[in-house]
């Protein structure tokens, strides 16, 4: 999977700025491969990760968006799904 270069900000903790919401790439696709970001999304307080997810096989869909890190990590351990989770702005 190819990922956008993350922007760096001052006073970051674990890859993200203190007190600022996370910003992630956003897109959905019904074709093969990972979708191309069409916009960005400001994450809610409970969405602490940027995700890039590809459903392989018959579904053949993908998305990039804000997500809760635990949910994203669940995708990583699910057969037939390729996923990446990160916690820096636009890292997905």
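Residue numbers (this note's numbering): 15 to 106. Quick reminder that beta carbons are idealized off the backbone N, C-alpha and C, glycines included.
query, result
"Measuring CA to CA, which of 77, 53 and 106 is closest to residue 45?", "77"
"To the nearest angstrom, report how far apart residue 34 and residue 86 are at their CA atoms.", "21 Å"
"Using 10 angstroms around the beta-carbon of residue 90, count the other beta-carbons present and answer buried if the total reaches 16, otherwise exposed.", "exposed"
"For the ligand SAH, I want to know if residue 73 counts as a neighbour, meaning its beta carbon is within less than 7 Å of at least one of the ligand's heavy atoms.", "This structure lacks the ligand SAH, and indeed carries no ligand of any kind."
"Using 10 angstroms around the beta-carbon of residue 97, count the other beta-carbons present and answer buried if the total reaches 16, otherwise exposed.", "buried"
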